[in-house]
Each structure stands twice: as C-alpha cells, then as structure tokens.
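In what follows, a single structure is set out as structure tokens and then discussed.
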Amino acid sequence: MNAALPRKTKTLFIGLDGCTFTVLDEMIRDIPGTGITMPFMKKIMENGVRAKLRSTPNPLTPPAWTSLMTGKGPGEHGVFDFIRAEDKGGEVYWTLYDSRDVDSEMIWSMLTRKKMSCAALNFPLTAPPPKNINGAVIPGFTPAKHLRRNTHPRELFERLKSDVEGFDPKELAWDFENEQQAMDSLSPEETHKWVRYHLPREEQWFRIAEYVLKTDAPDLMAVMFDGTDKIQHQAWPWLDPNILPENPQGHDKLMREVVLEYFSNLDRYIETLVTLAGPDAQVFFASDHGFTASTEVLRINAYLEELGYLKWAESDGSEMAMRREAANFANLDWSGTTAYCRTPSSNGIHIRVAEKPGDHGVPPEQYDSFREKLIEDLKKLRNEFGEPVVVDVLKRDEWFPGQHMDRACDLTLVLRDNGFVSIRNLKPVVVQRPHAAGTHHPDGIFMAYGNGIAKAGMVDRLKIVDVTSTLLYSLGTSVPSDLEGEVPQAFFTPEWWAEHPVKKGAKTRLERDAEKADDMDATEKQKMIEQLQMLGYME
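Per the UniProt record's numbering: the sequence shown = residues 1 to 539.
In structure tokens form, the structure reads like this:
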C-alpha cells in the first residue's frame, strides 16, 4: 500500500495592506547605488499577471478587507468604518467593529462548508473567529492580551509558543505603547524609530505563516502584511519617486534606507512562502487600496458650520465640557446640526433626519431636496489656487446598495488629492499641508503567478469583490451565485481556463457561531483610537 501523499497548499494568498504599483514599480527598478530592492517580486511581475484593483467607494481598511473576504460590498456586509456609531438624537454612541458586525459569510467559512482547509493570518475583523473553521485563524487589529483567546484553534497559540523561535505575542499584535510614541513626537528621529519598529513585527507574521504553511499545508494559505500601509502613511515622501529627493542626504537618506530595508525583507518573506507552496500552487497578491500623496486638508465640519448645517457646542468650562472637546468626535450642538462628519476615516457626511415631528433634523419629506442642496454647496468649495476641493460626492443609495445601505454615510466625499477630511473646529477651512502625506488611493493591486497563470503583464482594472471569486475558482470549488465579483479570465492561461470552467454554486450562508469575546475595556479602546489617530483615520 502506498503511503499517503503529503498535503499540499493549492492556493497562496498574500495580502499587502495599502500596496500600490507606484511603490512596487520603484522597488523592482534597478536604482543606481541601490540595486533592485525586490528581485523576487520583479520575477513575479515579469512572469505573471497584474491589474489595478478598485477598492470600495471609500477606500478604507475595514470595509475594503471585508469586501475582499466576503465578495460583497459594504452595503451587503455592513462594515463602513473602523467604528460603528448610532445617532440617538442627543448623543452619538460608538464602538469598534469586529467580526460579529460582518453580516455576510467570509471565504474561510465558505471553504469549511466545502470540506476544504484554510489559514487566515492578520486579517482585520476576523476576531472573534467562528469556532467551526476548518483551519487556522489569528486575527489582526487585536491587542496582545486578546490574541490567545481569539486564535483558532486555541491549541495553535500553544504550538506557536513552543515551536516558533522568538514567538512574542506582544510584538505580533499592535504594541500600543510603542506606537503611541509616534504621536508624542513626529520628529525625524521618532519617525525613523517608528518605521523601524515595524520590521520585527512583520518578521513575526512571516515566521507564523511559514510555520503554518509547513506544518498544516492548508488548501488556502492566506496571510496579510500590514506594514506596507503603516509605513506609507508616515514615510510616503521617501517612497514616492515623484517627490523623493534626487540624492537624499542626512535624515532623508536614513529614512530611504529603512523603508528599502522593509521592502527588501518583505521580498524575502514572499520568496520563502511561494517556494514552500511549491510549483503547482497558484499565488495571488492583493491590497485593500492603493496610496498617493495628500497635499491639503479639508476641515469639513468647519465648512458645514459656515454654510449653516452644523453648530458647535458652547463650552461652559465644566469638566464634562472639556472632556467633550477633547473627545475623538466633533463636539456639536445637536439641536442646531442637520449635517456633520463623524470621523476623518469615513470621508462622509451624515444627514440628521427627524424621526417624528418635533425631533431635531431634516423632515423626511425634505430629505432629497436638502441632500441636493448640500451636494451643490460641497462642490462649490475651492482651494487658494481656485481648484475644486471636493471632486465628487457619492450618494449612499447609488454606491452602497444592499441590506445595510442605511448604515452608510448619506454622502461620501472624494477629495481632489484623495485625502482624509478633518473634523476639527479650526480655520481656515482648506489649508495646504507643509509636507505631502501618504493617503489612500482607490486603486490597489491584484497580481497572480504560478501554475496556470497567464504571463500577461498588466490587464484591465478589476474590483475588490473579484478577489473572493478568484480564490475560490483557483481552489477548484464552486463560486456562490450571490457573490458580487467575477473570475478574471485574463488571469489564467487559455489552456487552464478551458480545462477549468467556472462553476456557480449555491448562495452563501451566514451562521452566527463566534464565541463570546473578551470585549476591550475603555483603556484598550482609547489606545486603539490613538493608533488610528496616528495613522490619520481619527482625530
């Protein structure tokens, strides 16, 4: 009797948070005096296929990664921001999103139902994980003290402690104390220190991915590296070839060296994981959004006040009033506010509609005319150079269709430079940044390499919801009929496509079987908010 063949991973998926071709093309270029930073990525890009990947309408980490994991848009899965807020008329209450807020089935559960195995490492909104997942889940965006409880299966955490040299959950998770230093001072020295801090953290995720791939060989091996996003937020001037000094010296030289070191390490991680997956595996890369340079700040609530849509709360000097002014959301007089922005990350405006006569807000019958007038006013705004600041305004019923459309901002703003708005009570309304800052661009990356993958170079732009369908197709299983994405034929050789027709299957199912989680206390939530502040998502 022949011995059982060892398990092999069929599909390797590497998520690169915020990755953009602007940077990747620079990293595979032979730079004089530096060489090629990512030689293995160069091989992948020259021998595979790639496309720009259009993100969710607001290209933000939580809704975008959730769309990538579910194959559905925010209007269906219900995640729109880092925080979920409820307007109770006189107050707005908020909490951080987690997996229990995702109202669509994720790919990990789809595969479990199909008797296939998976590993999901460092993806946001995967905590708490469903307890029936066939494979490994170690969530991202989770404090270290909650990591053990939210690791699935529970014994995996103990295996990592005993088998992975240097395993350190405090380093693996977000170290809020360490990352807080970047908020205290963004001096050149602190910026360099903060970027360097992410190198060993990324190494931790690589070692865990390497271990799971070697020992478990799941059908779908998926790991997400998020240092790409964090570093680009704080170090974009040293990555964007359009604004990088020609011959960097001093601090510029040190910053350039450390960001190149990060991407060089990332290239090594990718090469090791692809090699371990073997020549028969198909390898895919995707990002939740891209990156670009933001050059100005729009203080949207200050502008709404000028137009008469918003009223700031008056301070009586009390301790409560001071706490409200220092809070993470705009301190408003709700009786005089009909439209406002809750968070910079939302880039959106909520219109307050009166639920019954006498309530504060816009009468329901006036909603449409009120919204049209507000859009008109927003598009009138110009910067000091006469350029429109708001280049598009997206209506939620047109851009977020689905069962949870009402959770979306009434209006989502697209700014001239793709930047995030500010919600602070400061003037002037539009101000130029002293230095360009990294911000999200709606076009990320989607790439493929390996057995059956076309050597086609750049093809037409795809949608982020296409990723789920593509991964399921690569695994040889059916694609649920209610997914919003398609499998891109251009990614595969004609021979592969002919031999492997797309199979449509039953609709997705959602089972609420996540274990009750240890919810974060107020201190931990505040630390999470501070992390989001440092990245520019909150203020």
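Where is the CB? At the ideal position from N, CA and C, for every residue including glycine. Everything numeric in this text was worked out from a predicted model, so none of it was measured.
- Leaving aside the five residues that flank G452 on each side, the residues in its chain whose CB is nearer than 7 Å to its CB run, in chain order, Q282, F492, T493 and W496.
- Within the same chain, S294 come within 6 Å of A437 by CB-CB distance, once the 5 residues on both sides are set aside.
- With a 10 Å radius around the Cβ and a threshold of 16 neighbouring Cβ atoms, E246 comes out exposed.
- Assigned with DSSP and collapsed to three states, P442 falls in coil, not helix or strand.
- Burial is judged here by how many other beta carbons sit within 10 angstroms of a residue's own beta carbon; N58 has at least 16 and is buried.
- For Y97, the secondary structure class from DSSP, reduced to helix, strand or coil, is coil.
- One thing to note: S346 has its Cβ no nearer than 8 Å to the Cβ of D103.
- Annotated three-state conformation of E86 is strand, per DSSP.
- For E296, the beta-bridge partners assigned by DSSP are Q432.
- A506 counts as exposed, since fewer than 16 other C-beta atoms from the protein chains shown sit within 10 angstroms of its C-beta.
- In this structure, L16 keeps its C-beta atom at 8 Å or more from the C-beta atom of I464.
- Counting other Cβ atoms within 10 Å of its Cβ, D288 reaches 16 or more and is therefore classed as buried.
- DSSP places K395 in the strand class (E or B) of the three-state scheme.
- Checking the DSSP bridge columns, you'll see I231 has no partner listed.
- If only complete runs of 3 or more residues are kept, the stretch 234-305 shows the beta strand (DSSP E) at 282-286 and 290-298, in order along the chain.
- V429 is not a Cβ neighbour of L239, given a cutoff of 8 Å.
- Between the stretch 268-275 and the stretch 338-356, the count of Cβ pairs shorter than 8 Å is below three; the stretches do not touch.
- Across the structure, G35 and V393 are spaced so that their CA atoms are roughly 43 Å apart.
- Here L121 carries a strand assignment [DSSP, helix/strand/coil].
- Taking 8 Å as the cut-off, the beta carbon of I300 is found no closer than this to the beta carbon of V391.
- Per DSSP, the continuous beta strand (DSSP E) segment holding H350 begins and ends at G348 to I351.
- For the options Q234, G290, A144 and A209, the alpha carbon positioned closest to that of S187 is the one of Q234.
- Counting only residues of its own chain and dropping the five nearest sequence neighbours on each side, L378 has a CB closer than 6 Å to the CB of V390 and V393.
- The residue from T20, I138 and E46 with its alpha-carbon nearest to that of A173 is I138.
- Contact between the stretch 112-119 and the stretch 140-158 is absent: fewer than 3 CB-CB pairs across the two stretches fall below 8 Å.
- For T70, the enclosing alpha helix (DSSP H) stretches over residues T61 to T70.
- Taking every protein chain shown into account, the CB of E76 has 16 or more other CB atoms within 10 angstroms, so this residue is buried.
- Between the beta-carbon of L415 and that of G71 there is about 28 Å, and that puts the pair past the 8 Å contact cut.
- Contact annotation: the stretch 28-43 does not touch the stretch 431-445, with fewer than three C-beta pairs closer than 8 Å.
- For the pair E499 and Y473, the Cα-to-Cα distance works out to about 12 Å.
- Taking the Cβ atoms as the reference, C409 lies roughly 18 Å from R424, outside the contact range of under 8 Å.
- Using a C-beta cut-off of 8 Å, the stretch 331-340 makes contact with the stretch 350-363, since at least three inter-stretch Cβ pairs fall below that distance.
- Residues of the same chain with a CB within less than 6 Å of the CB of P248, apart from the 5 flanking positions on each side, are R256 in chain order.
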